[in-house]
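A.B. asks: First to last, the protein sequences are chains A and B.
The first sequence begins at 90 in our numbering and counts up one residue at a time.
The second sequence begins at 5 in our numbering and counts up one residue at a time.
Encoded as structure tokens, here's the structure I'll be asking about.
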Amino acid sequence: MTAATIFSPSTRSRFPGFGLSLGFTLFYLTGIVLVPLLALVLRPFSLHLEDFWTTISAPRVLAALRLSFGTALAAAAIDSFFGFIVAWVLVRYRFPGKRLMDALIDLPFALPTAVAGIALSTLYAPTGWVGSLLADYGIKVAYTPWGVLVAMIFIGLPFTVRTLQPVLQDLGRDLEEAAATLGATRPQAIMRVVVPMMMPALLTGAALAFARGVGEYGSIIFIAGNLPMKSEIAPLLIVTKLEQFDYAGAASIGVVMLAASFVLLLALNGLQVWAAKRR
Amino acid sequence: MRRVFLFAAAALAMAATAAGAAEVKLLNVSYDPTRELYKDLGAGFAKQWKAKTGDTVILSTSNGGSGAQARAVIDGLQADVVTLALAADIDAISAKAKLLPADWQKRLPQNSTPYTSTIVFLVRKGNPKAIKDWSDLVKPGIQVVTPNPKTSGGARWAYLAAWSFAQKSPGGNADKAKAFVGGLYKNVPVLDSGARGSTVTFTKRGLGDVLLSWENEAHLALKEAPGKYEIVYPSRSILAEPPVALVAKNIDRHNNRKVAEAFVNYLYSPEAQEIEARDFYRPRNPAILAKYKANFPNIPLATIDTDFGGWTKAQQTHFADGGVFDQIYQPGR
Numbered sequence: 090m091t092a093a094t095i096f097s098p099s100t101r102s103r104f105p106g107f108g109l110s111l112g113f114t115l116f117y118l119t120g121i122v123l124v125p126l127l128a129l130v131l132r133p134f135s136l137h138l139e140d141f142w143t144t145i146s147a148p149r150v151l152a153a154l155r156l157s158f159g160t161a162l163a164a165a166a167i168d169s170f171f172g173f174i175v176a177w178v179l180v181r182y183r184f185p186g187k188r189l190m191d192a193l194i195d196l197p198f199a200l201p202t203a204v205a206g207i208a209l210s211t212l213y214a215p216t217g218w219v220g221s222l223l224a225d226y227g228i229k230v231a232y233t234p235w236g237v238l239v240a241m242i243f244i245g246l247p248f249t250v251r252t253l254q255p256v257l258q259d260l261g262r263d264l265e266e267a268a269a270t271l272g273a274t275r276p277q278a279i280m281r282v283v284v285p286m287m288m289p290a291l292l293t294g295a296a297l298a299f300a301r302g303v304g305e306y307g308s309i310i311f312i313a314g315n316l317p318m319k320s321e322i323a324p325l326l327i328v329t330k331l332e333q334f335d336y337a338g339a340a341s342i343g344v345v346m347l348a349a350s351f352v353l354l355l356a357l358n359g360l361q362v363w364a365a366k367r368r
Numbered sequence: 005m006r007r008v009f010l011f012a013a014a015a016l017a018m019a020a021t022a023a024g025a026a027e028v029k030l031l032n033v034s035y036d037p038t039r040e041l042y043k044d045l046g047a048g049f050a051k052q053w054k055a056k057t058g059d060t061v062i063l064s065t066s067n068g069g070s071g072a073q074a075r076a077v078i079d080g081l082q083a084d085v086v087t088l089a090l091a092a093d094i095d096a097i098s099a100k101a102k103l104l105p106a107d108w109q110k111r112l113p114q115n116s117t118p119y120t121s122t123i124v125f126l127v128r129k130g131n132p133k134a135i136k137d138w139s140d141l142v143k144p145g146i147q148v149v150t151p152n153p154k155t156s157g158g159a160r161w162a163y164l165a166a167w168s169f170a171q172k173s174p175g176g177n178a179d180k181a182k183a184f185v186g187g188l189y190k191n192v193p194v195l196d197s198g199a200r201g202s203t204v205t206f207t208k209r210g211l212g213d214v215l216l217s218w219e220n221e222a223h224l225a226l227k228e229a230p231g232k233y234e235i236v237y238p239s240r241s242i243l244a245e246p247p248v249a250l251v252a253k254n255i256d257r258h259n260n261r262k263v264a265e266a267f268v269n270y271l272y273s274p275e276a277q278e279i280e281a282r283d284f285y286r287p288r289n290p291a292i293l294a295k296y297k298a299n300f301p302n303i304p305l306a307t308i309d310t311d312f313g314g315w316t317k318a319q320q321t322h323f324a325d326g327g328v329f330d331q332i333y334q335p336g337r
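Structure representation (structure tokens):
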């Protein structure tokens, strides 16, 4: 064994092709991800720091950011809970129509977002099937912030189900059976055995659903009502600014969203690492 | 949402068979509710041009919110002709991208506006909420549907029409107008980004009691769903001038100045004025306007130049960031 392999085991992999694949990865990430993001970050620098600050601290912008991030987090949490149940049913039980149901999960992925938005707003509008039922109880969904939540839950669900499913599949029943033989009740087995094992996957799914929700535009604008300070999402504000030829202002909001998303995703990743270690 | 429609699909099929004749392409970038109008005008012009020169013109029209369309042209959409909802958006193309001269509006007759329009109310059949005039729109419990003035040209005209109504009312002034318009937007449950979006919200989603609509759009809604809606003409409104302009730099690049010029001039011709009147735009030609006067009731109309000091000023005061429209939505007001 030579000295080099002893002292730098991490850079000299036993697998060939490291240099080529790393080079390709760097090139690809730079071209596809970093360059567009860099262009976005550099754009507001045509503004003075002061203008940047006035743009992003305007009450209307803050309200939009609060709505986008708050609703996306709530939608991710709701999707994680129900996604878990859906994944559980799909993995653990056999029933007629299971494959069909499995295929249905992916539909929100494939549907053009505008189509989803139009369908949802037709359904939840005060004249729609669901909307008219809810209207009898004085509940309004379409054209309120609740509409935003409904749209985000819709588009986020596949992300949580699809990340949980394979992990649940691998989990096997023996652990639960072991817990049962050691005297754990069913809720105990789920809460103390299954959920902790699933935690990293749950967090990944939540992070994906959250990221999708924050960035979503197409389906939400149809159902949100788009009222400033009330139901206007941050991506719509960016589009509005662009249409007023305020490119730097639009990019400023974009940078803030980027930074906030990055921090939140980093935090979720951190949680995931922590959860994995605890296991 | 920019949908490009190839209007001269039939002409295209003909061009494929007719050997020898040249084919000229024109891209018209227009605002939201002109889909039907430019389909008809494009067909009429193509026929005339074919008879005159033997060449086939293919006029494509891209429709969308006026502001969005202007931005697309600034960002490089290769428009030969722009036909937008208001002069301010074409001004922006001239100022930001220098694609056409600053005095573009003087280059064609009548403020470069071959047809005009106004803002009217579209209400549901029988007018159940008894909406007669602007003052009815601020009453509690009335839902008004109108697009976002920040992005829609028609919405800016509607906003200014409401403003001018309040200002011209007995004892009216700028403060009262501001309060009135503020009250009106408190009754708006949805702000779509373009006129067509609002029409869909009102007609297909069944939302709202009244739609502040382009006159042509309101007539079109009547035509498409007879017996479901009524048009209400308020006591006064605004003279909406949706101008047209040649995008000089682009037509020089595409080498089609001759046909582009012919097209914008065609818009003023009696034949085109007839088409415009039939599509419910108010033609400039007095004889043709008189012929269709049943569709275009004569109500007092404010104008952007005399009542608001021109678009540059109106845009600054009302629609710029932090302007009067933004203040309406600031909390605590």
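Quick reminder that beta carbons are idealized off the backbone N, C-alpha and C, glycines included.
#1: Could you give the uninterrupted runs of the alpha helix (DSSP H) lying entirely in the segment 130 to 213 of chain B, keeping only those of 4 residues or more?
#2: Just checking: is the beta-carbon of B/A96 within a distance shorter than 9 Å of some beta-carbon in chain A?
#3: Please report whether the beta-carbon of B/F206 lies at a distance below 9 Å from any beta-carbon of chain A.
#4: Which residue wins for smallest C-alpha separation from B/A76, given the options A/L355, A/A349, A/Q333, A/N358?
#5: Please name the residue in B/R240, B/A222, B/E275 whose C-alpha comes closest to that of B/N299.
#6: Give me the subset of the segment 145 to 176 of chain B whose CB atoms are less than 8 Å from a CB atom of chain A, sorted by chain position.
#7: In this structure, how does DSSP classify B/G336 when only helix, strand and coil are distinguished?
#8: Could you tell me whether the segment 57 to 68 of chain B touches the segment 102 to 111 of chain B, using the rule of 3 or more Cβ pairs below 8 Å?
#9: Can you give me the C-alpha to C-alpha distance between A/L360 and A/L292, rounded to a whole angstrom?
#10: Taking Cβ-Cβ distances shorter than 8 Å, what residues in chain B pair up with A/R155?
#11: Measure the C-alpha to C-alpha separation of B/L215 and B/G157 and round it to an integer number of angstroms.
#12: Helix or strand or just coil, what does DSSP make of A/Y117?
#13: Three Cβ pairs or more, each shorter than 8 Å: is that satisfied between the segment 306 to 314 of chain B and the segment 133 to 141 of chain B?
#14: Please tell me whether A/E332 has its Cβ less than 9 Å away from any Cβ of chain B.
#15: Any beta-carbon of chain A closer than 9 Å to the one on B/F9?
#16: In the DSSP assignment, the beta strand (DSSP E) including B/R128 goes from what residue to what residue?
#17: Which stretch, first to last residue, makes up the beta strand (DSSP E) that contains B/Y233?
#18: Please list, in chain order, the chain B residues whose beta carbon lies closer than 8 Å to that of A/A72.
#19: Output yes if chain B places a C-beta closer than 9 Å to the C-beta of A/Y232; else output no.
#20: Would you say A/S210 lies against chain B (beta-carbon separation less than 9 Å)?
#21: Can the beta-carbon of B/V192 be found closer than 9 Å to that of B/A166?
#22: Rounded to whole angstroms, what is the Cα-Cα separation between B/A26 and B/I279?
#23: Just checking: is the beta-carbon of B/A83 within a distance shorter than 9 Å of some beta-carbon in chain A?
#24: Can you tell me whether DSSP reads B/L215 as helix, strand or coil?
#25: Is it right to say A/R367 is buried, meaning 16 or more other beta carbons lie within 10 angstroms of its own, or is it exposed?
#26: If you pair each beta-carbon of the segment 151 to 164 of chain A with each one of the segment 230 to 245 of chain A, do three or more pairs fall below 8 Å?
#27: Given this structure, state the Cα-to-Cα distance separating B/A291 from B/A72, to the nearest angstrom.
#28: Within its chain, find whatever has a CB closer than 6 Å to the CB of B/W161; leave out the 5 residues flanking it on each side and keep chain order.
#29: Enumerate, from N- to C-terminal direction, the unbroken beta strand (DSSP E) stretches of 3 or more residues contained entirely within the segment 288 to 356 of chain A.
#30: First and last residue of the beta strand (DSSP E) that includes B/N259?
#31: Can you look up A/A147 in the DSSP assignment and give me helix, strand or coil?
#32: Determine the direct distance from the alpha carbon of B/G201 to that of A/A313, and round the result to whole angstroms.
#33: For A/T329, decide whether its Cβ has a neighbour in chain B, counting only Cβ atoms nearer than 9 Å.
#34: Which residues of chain B have a Cβ atom closer than 8 Å to the Cβ of A/G314, listed in chain order?
#35: Quick one: is B/R6 near chain A, going by C-beta distance under 9 Å?
#36: Can you tell me whether DSSP reads B/R7 as helix, strand or coil?
C.D. replies: On the basis of the coordinates in this document:
#1: 157 to 172, 178 to 190, 199 to 207
#2: yes
#3: no
#4: A/Q333
#5: B/A222
#6: N152, K154, T155
#7: Residue confidence for B/G336 is low, a pLDDT of 48 falling below 50, so the modelled location carries little weight and cannot support an answer.
#8: no
#9: 8 Å
#10: Residues of chain B passing the Cβ test: none, with the nearest at roughly 13 Å.
#11: 15 Å
#12: helix
#13: no
#14: yes
#15: Note that B/F9 scores a pLDDT of 41, beneath 50, so its modelled location is shaky and nothing firm can be said.
#16: 123 to 128
#17: 233 to 236
#18: With chain A running from 90 to 368 in the structure shown, residue 72 of chain A is simply not present.
#19: yes
#20: yes
#21: no
#22: 26 Å
#23: no
#24: strand
#25: exposed
#26: yes
#27: 35 Å
#28: I123, I242, A244
#29: none
#30: Where B/N259 is concerned, there is no enclosing beta strand (DSSP E), given that its DSSP letter is neither H nor E.
#31: coil
#32: 13 Å
#33: yes
#34: P193, V194, L195
#35: In this prediction, B/R6 has a pLDDT of 40, which is less than 50 and means its spatial position is unreliable; nothing more can be read from the coordinates.
#36: For B/R7, the predicted model reports a pLDDT of 41, less than 50, meaning its position is unreliable; a value from the coordinates is still stated below. In the structure shown, B/R7 sits in a strand (DSSP, three-state: E or B).
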